[in-house]
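Protein chains in written order, with the working numbering: chain L, 348 to 807; chain C, 348 to 807. By construction, the Cβ of each residue, glycine as well, lies at the ideal position given by its N, Cα and C atoms. Just below is one structure, and these are the notes that go with it.
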């Protein structure tokens, strides 16, 4: 059976790369290896996606859907046996409706392309994350992407009004709802959002848009202890009354790393505070917002929750503050990094990090722990650096030290990155036997032959 | 087989009412008929719910879960053959966590009880609807309730962090996530939210809480035409920058009805404007919010979008404005009302209502159409009154005139009330064959014997 030849009959010669051609592509962001697959299918239409899936289903050939390949959990890894399915040629923004505040897009549209297109409409699609320049909206939906402004707008799940998906057997389910409220029976889109391509392939989306804020105020704050960090979150969420749009935290080590050469960033405030918070408010009152933002901060400084701070005076300041938090590339120098994306209750966070420091100290002689993340959402990113030469040999140890303590309080091994292949061994930390059984029931119901992104999320 | 006797063995004598005892209860809000069922089971624990379901599953006996019986679509109707399952004795608020901003509740807790309990914590659970005094949180989740502040906080789906549900066969799936972000594989709670008890019985919930706003400003506005209504929505959503918490519309007929005796309300502004908007902003700046609210309105009045308006000067004013919009009971006088709960794109709304007026005029000689609703969410409530003496004989005609035109632009036959039995014949207006087939796939996978809320949502 010639997979490449058959696919070319189905979707045209230019739509299909063979194994050699596709191996010239990278396996993805931050990856050294090449893409693998029996073929890379690049359909132009939903019907072509359906014809590829129908044929693969008949012949029990695995299909791995891929977006911008910016995922960090090996959720789109291929192999010599599977068809890689890229929606890169389905990249049209079909419509933008300013009154309904809805954009209809094909799944291959790059996040940043939509963000920039919307500027002329005074609307925003509020999802934002570091990979914005290559991540696709279909991939964002399939992984329920989070990012920088979840505290205000929710995750991708909250921004998808409707979608079109192709099931394993090639059935096209068009559920292109544009309405904020629609309780006409089951909300099917929820099946495809966050299931990492294991239950269907998302081909088109109706996305909710929001009116663009017209003001932005930011502060970079130094805090004396963790209790002050969580108290500040409550206070700002209350005192900024609906305008709080980001509440990011950096532990001291991470702040020092991204504000010290060879990093490009320089410290807006001193480097010796235990915790740093990056606060952002977005509003619509050019005359009053900056004063209200500053007044809210003055109060918490007077109370000692915050001991030092720099306020943005311009959009350039805001960008500079964000660039510190976003300079995650720094964790790739000075060691081999294992990167984590966990969430846990705020009440557990300080003890959890303290315990992790102790256990790393004990079990991993030469390491460096860096902590930062979306504290407003209970989401921490951890980077554990080990010596470059030792690298992967530490994976099992480091992963068990990070993940196992989460089980005690039902923390999540994946706040936003997903499970893919990388976190699959640890899924049982966050999900119990009944949950896993029900997930398998869903997988069997929607993909009985098991061709969709085989082996990802749930073990076969 | 003695259903009552067996259930009493399973969950105790006081936990079970027999057919005669349960028939002394009303079938629900706005209903004249009595509850029906072979028995009413009132378990005290999730294990008891599981034992009831396990036994019913073994014996293929239908189970109808019920909350506060405030639904409007016959979603909890019983029959002589089924076991009614009420969670009224599972009504504990188990915990309120001010730092995590999460409440853990049993499914039988009344919405208003939670709202009032939270006042002392300066937190809110933002779901709010007319039935707050008897609707349960489990029912709110099972029906994905919407209500008055969806524009700011989303529907119930957006407020549930985690839940515990019992499957048809008695399996307890505890998925009591407390985290805002958790992408550890499939988001199972989505299956149970909005599926009206047909896929499982929700027994406990972790609910997201928000910091309580400290200011409230309202206005009741008169508008000259529908284009101004949608333009105002965009403007207020932008200009109130995150504080807009309600945007309700009343067509002239409805406003006149609720501001004229025998209704208790009196008109804050004249009764001859084509459209009225009830606007609410909730913020946290006691010094600035009312001024900013008033300034935003001055601008749109100067532009002619709004031609008249009354601003709240007190909390009592706010309550009075809301009481007009909430006085839906008025549609029960002067005729037999058919009540609808539709959603459709804003661009279609004006033509749709005009078309409906014409077709009602033509087909229903003696009628009265009243229109109001949550315009900010695209959700309209319609009441079509026909002569009391003719009543139900008009159902088919009126329903077809209201529902069938929605198909052209994928409007929803149910924005928030759900499908139940009442809207089941019309589900095909809003959902296509592939969507319905996929819903049946889910139903078969989770409830293969078909005991859960039999006949509701999907025809057997």
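- The beta strand (DSSP E) runs of length 3 or more contained entirely in the stretch 539 to 563 of chain C are, from start to end of the chain, 548 to 555.
- Not one beta carbon of chain C lies nearer than 8 angstroms to the beta carbon of residue 463/L.
- For residue 585/C, the C-beta contacts it makes with chain L under 7 angstroms involve 558 and 631, in order along the chain.
- When 7 angstroms is used as the limit between beta carbons, residue 502/L is near these residues of chain C: 528, in chain order.
- When CB distances to chain C are screened at a threshold of 8 angstroms, the residues of the stretch 746 to 770 of chain L falling below it are 757, 758, 759, 760, 761, 762, 763, 764, 765, 766 and 770, in chain order.
- The C-beta of residue 619/L has fewer than 16 other C-beta atoms within 10 Å across all chains shown, which makes the residue exposed.
- Under the Cβ criterion (8 angstroms, minimum of three pairs), the stretch 490 to 499 of chain C counts as touching the stretch 723 to 734 of chain C.
- Restricting attention to 411/C, 668/C, 437/C and 439/C, the CA atom closest to the CA of residue 426/C is found in 411/C.
- Taking the beta carbon of residue 692/C as reference, the chain L residues within 9 angstroms of it are 444, 446, 447, 449, 525 and 526, listed in sequence order.
- Close to chain L, meaning a Cβ-Cβ distance shorter than 7 angstroms, are the following residues of the stretch 530 to 544 of chain C: 530, 531, 532, 533, 534, 535, 537, 541 and 542.
- Beta-bridge annotation (DSSP): residue 521/C is paired with 511/C.
- Under the rule that a run must span 4 or more residues, the alpha helix (DSSP H) segments found entirely inside the stretch 551 to 624 of chain C read 573 to 586 and 599 to 605.
- DSSP places residue 404/L in the helix class (H, G or I) of the three-state scheme.
- Contiguous alpha helix (DSSP H) elements confined to the stretch 774 to 799 of chain L occur at 774 to 777 and 780 to 793, taking only those with 4 or more residues.
- A distance of 8 angstroms or more separates the beta carbons of residue 387/C and residue 357/C.
- In the DSSP annotation of this structure, the continuous segment of the alpha helix (DSSP H) that includes residue 354/C starts and ends at 350 to 358.
- The DSSP assignment places complete beta strand (DSSP E) segments of no fewer than 3 residues inside the stretch 442 to 487 of chain C at 449 to 453, in order along the chain.
- In the three-state reduction of the DSSP assignment, residue 647/L falls in the helix class.
- Spanning the alpha carbons of residue 794/L and residue 787/L requires a straight line of approximately 10 angstroms.
- The C-alpha of residue 350/L is placed about 57 angstroms away from the C-alpha of residue 719/C.
- In this structure, residue 471/L keeps its C-beta atom at 8 angstroms or more from the C-beta atom of residue 456/L.
- Residue 725/L reaches chain C at 526, 527 and 528, counting residues in chain order whose Cβ is nearer than 7 angstroms.
- Residues of chain C whose Cβ lies closer than 9 angstroms to the Cβ of residue 792/L are, in chain order, 788, 789, 791, 792 and 793.
- Annotation: the continuous beta strand (DSSP E) that includes residue 732/C extends over 726 to 733.
- Residue 519/C reaches chain L at 781, counting residues in chain order whose Cβ is nearer than 8 angstroms.
- The beta carbons of residue 458/C and residue 487/C sit closer together than 8 angstroms.
- Chain C has a Cβ within less than 8 angstroms of the Cβ of residue 581/L.
- Among the CB atoms of chain L, none fall inside 8 angstroms of the CB of residue 637/C.
- In the DSSP assignment, residue 657/C is bridged to 567/C.
- Cβ atoms of residue 803/C and residue 422/C come within 8 angstroms of each other, at about 6 angstroms.
- Under the three-state reduction of DSSP output, residue 429/L falls in the coil class, being neither helix nor strand.
- Where residue 686/C is concerned, there is no enclosing alpha helix (DSSP H), although the beta strand (DSSP E) around it starts and stops at 683 to 690.
- By the neighbour-count criterion, in which a residue is buried when 16 or more other Cβ atoms sit within 10 angstroms of its Cβ, residue 406/L is exposed.
- At a cut-off of 8 angstroms between beta carbons, residue 577/C contacts chain L.
- Nearest CB-CB separation between residue 590/L and chain C: below the 8 angstroms threshold.
- Neighbours of residue 497/L across chain C, judged by C-beta separation under 8 angstroms: 527 and 528.
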